[in-house]
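Colleague:
Residue numbers (this note's numbering): 12 to 384.
1. Going by beta carbon distance, what residues of the same chain come within less than 6 Å of residue 200, once the five residues before and after it are set aside?
2. At which residue ranges does the segment 96-148 contain complete beta strand (DSSP E) runs of 3 or more residues, listed in the order of the chain?
3. For a minimum of 4 consecutive residues, which ranges assigned as the alpha helix (DSSP H) are wholly contained in the segment 197-244?
4. Would you call the segment 288-299 and the segment 29-46 touching, i.e. three or more CB-CB distances under 8 Å?
5. Residue range of the alpha helix (DSSP H) that residue 27 falls in?
6. Which residues does DSSP pair with residue 312 in a beta bridge?
7. Among 361, 334, 357 and 378, which one has its Cα closest to the Cα of residue 177?
8. Below 8 Å between beta carbons: does that hold for residue 286 and residue 293?
9. Under a Cβ-count criterion, where at least 16 other Cβ atoms within 10 Å of its own Cβ denotes burial, should residue 240 be classed as buried or exposed?
10. Can you give me the C-alpha to C-alpha distance between residue 254 and residue 72, rounded to a whole angstrom?
11. Run through DSSP, which three-state label would residue 348 get?
12. What three-state label does DSSP hand residue 156 in the structure shown?
13. Have a look at residue 132 and residue 305 and give me their C-alpha separation to the nearest angstrom.
14. Quick one, which of 267, 101 and 360 has its alpha-carbon nearest residue 65's?
15. Over the uninterrupted alpha helix (DSSP H) stretch that includes residue 68, give me the two end residues.
16. What are the boundary residues of the alpha helix (DSSP H) that includes residue 270?
17. Between residue 235 and residue 252, what straight-line distance do the alpha-carbon atoms span, to the nearest angstrom?
18. Apart from the five residues on each side of it in sequence, which residues of its chain come closer than 6 Å, Cβ to Cβ, to residue 172?
19. Keeping to the same chain, check which residues put their C-beta closer than 7 Å to that of residue 163; ignore five residues upstream and five downstream.
20. Which stretch, first to last residue, makes up the alpha helix (DSSP H) that contains residue 164?
21. Could you pull the start and end residues of the alpha helix (DSSP H) that residue 190 belongs to?
22. Under the assumption that residue 70 contacts residue 105 (Cβ atoms under 8 Å), give the Cβ distance between them as a whole number of angstroms.
23. Using the rule of at least 16 other Cβ atoms within 10 Å of the residue's Cβ for burial, across every protein chain shown, is residue 369 buried or exposed?
24. So the candidates are 261, 202 and 354; which of them puts its Cα closest to the Cα of residue 313?
25. Check residue 281 in the structure and name its three-state DSSP category.
26. Over what stretch of residues does the beta strand (DSSP E) that includes residue 362 continue unbroken?
27. Going by CA-CA distance only, name the one from 213, 381, 269 and 242 that's closest to residue 331.
28. For the candidate residues 307, 352 and 18, whose alpha-carbon lies nearest to that of residue 168?
29. Whole-angstrom Cβ separation of residue 365 and residue 379, contact assumed at under 8 Å?
30. Within the continuous beta strand (DSSP E) that includes residue 88, where are the two ends?
31. Any idea which residues DSSP pairs residue 293 with across the strands?
32. Please state whether DSSP places residue 174 in a helix, a strand or coil.
33. Is it buried or exposed for residue 325, if we count other Cβ within 10 angstroms and need 16 for buried?
34. State buried or exposed for residue 282, treating a residue as buried only when at least 16 other CB atoms are found within 10 Å of its CB.
35. With a 10 Å radius around its C-beta and 16 neighbouring C-beta atoms as the bar for buried, classify residue 165 as buried or exposed.
36. If you measure from the CB of residue 321, is any heavy atom of the ligand GTP nearer than 7 Å?
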């Protein structure tokens, strides 16, 4: 169906399902966020959302909320119902058993274990199924899950803080703090929705960060995101703060690194993963594939200009979030990206600015690189 074929009632209840789905933003990984609304005689009789991986899916929670009123009802779902046994039974069968009459699905699930099979099972049971309502909004709910299912890669989001003149640190490396408390609180929300937070060995050495998520969203998430260090030569010190925090630290390095350094890092609990080299450095594409295989949906990059620039050069960055502070740091301070191959305007990276908003005294830019593919 086209968007025009749906009624205003359909739009209203699918919008409500989207709102419900967002409640699982910090807690459903590696599963997607999903919302469900059940409507009978133009009245909402049940609502549900996926709260946490391993627990009931949105459809089952909504069916339980509706009770006997689910018979003959219309169901609004932000994502195609699963049709396979995982940690929970298939939701497509639950909808069939509940006796619903109509199911409106925002988008099909690209997971090869589902991928149209959930919709087919509903249709085979005689249920009216319509798809495509608010599909673009549904896509935006789960960028990491969808990319992992389609491409075998996580969604990569780079966070950067800069001055008005585009500087991220003083020439000495000092960078704390460019932005305000409000911006840093916003960053913790981004960390809490991420499955992994990645940095480079240089940032660990200079800034000694803990790389943890804090605040109510982190509490909702439960365990800390995986912390990832890209360190070709295993330069990071085992005494670094990042190893003293709860949660897992995974270091990606080259296969020919020093064994004694590897053991020292493993002794403080780090996972050390050997990967092939690309231009004498860790192959960043291999890093992202490995993370996707570990069911990592979203990776947040908090690193220096070298690692961020390298990721941008190999077209692994999906989104850039820049916090711009109202201050000037001077032309000796460090820039955002190291891009040695960019010498002409024709080699510059075009960007799409999707959103600009004020966060405390700072400004936040949501940006997508345009790789021309």
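Glycine is no exception: its CB is placed at the ideal position from the N, C-alpha and C atoms.
Modeller: Considering the structure as presented:
1. Counting only Cβ-Cβ distances below 6 Å, and skipping sequence neighbours, we find 228.
2. Within the segment 96-148, the complete beta strand (DSSP E) segments of 3 residues or longer fall at 113-116 and 139-142, listed in chain order.
3. DSSP runs (the alpha helix (DSSP H)) wholly in the segment 197-244: 212-218 and 227-232.
4. Touching, no.
5. Note, residue 27: alpha helix (DSSP H), 19-32.
6. Residue 312 pairs with 169 and 209.
7. When C-alpha distances from residue 177 are compared across 361, 334, 357 and 378, the shortest belongs to 334.
8. Yes. Within cutoff.
9. With 16 or more other Cβ atoms inside 10 Å of its own Cβ, residue 240 counts as buried.
10. Rounded to whole angstroms, residue 254 and residue 72 show a C-alpha spacing of 39 Å.
11. Residue 348: coil per DSSP, three-state reduction.
12. Here residue 156 sits in helix by DSSP.
13. Spanning the two alpha carbons is a distance of roughly 30 Å.
14. The shortest Cα separation from residue 65 among 267, 101 and 360 belongs to 101.
15. First-last for residue 68: undefined, no H or E at that position.
16. Segment 270-278, the alpha helix (DSSP H) holding residue 270.
17. Computed Cα separation, rounded: 15 Å.
18. If we look at residue 172 and ignore the five residues flanking it on each side, its Cβ neighbours are 189, 190 and 334.
19. Cβ within range, chain order: 300 and 303.
20. Looking at the DSSP string, residue 164 is not in any alpha helix (DSSP H), and its letter there is neither H nor E.
21. Neither: residue 190 is in no alpha helix (DSSP H) and is coded neither H nor E.
22. Their Cβ separation, rounded to whole angstroms, is 6 Å, which keeps residue 70 and residue 105 in contact under 8 Å.
23. Its Cβ having fewer than 16 others within 10 Å, residue 369 is exposed.
24. Closest in C-alpha terms to residue 313, from the list 261, 202 and 354, comes 202.
25. In the three-state DSSP reduction, residue 281 falls in the coil class, being neither helix nor strand.
26. Element bounds for residue 362: 362-370.
27. When C-alpha distances from residue 331 are compared across 213, 381, 269 and 242, the shortest belongs to 381.
28. Nearest C-alpha to residue 168: 307.
29. For residue 365 against residue 379, the beta-carbon gap comes to about 6 Å, under 8 Å, which counts as contact.
30. Judged by DSSP secondary structure, residue 88 falls within the beta strand (DSSP E) whose first and last residues are 85-88.
31. Looking at the DSSP assignment, residue 293 forms a beta bridge with 288.
32. Note: residue 174 maps to strand in three-state DSSP.
33. Answer is exposed; the Cβ neighbour count stays below 16.
34. Exposed, by the Cβ-count rule.
35. It is buried - the Cβ of residue 165 has at least 16 other Cβ atoms within 10 Å.
36. The ligand GTP is not part of this structure, which contains no ligands at all.
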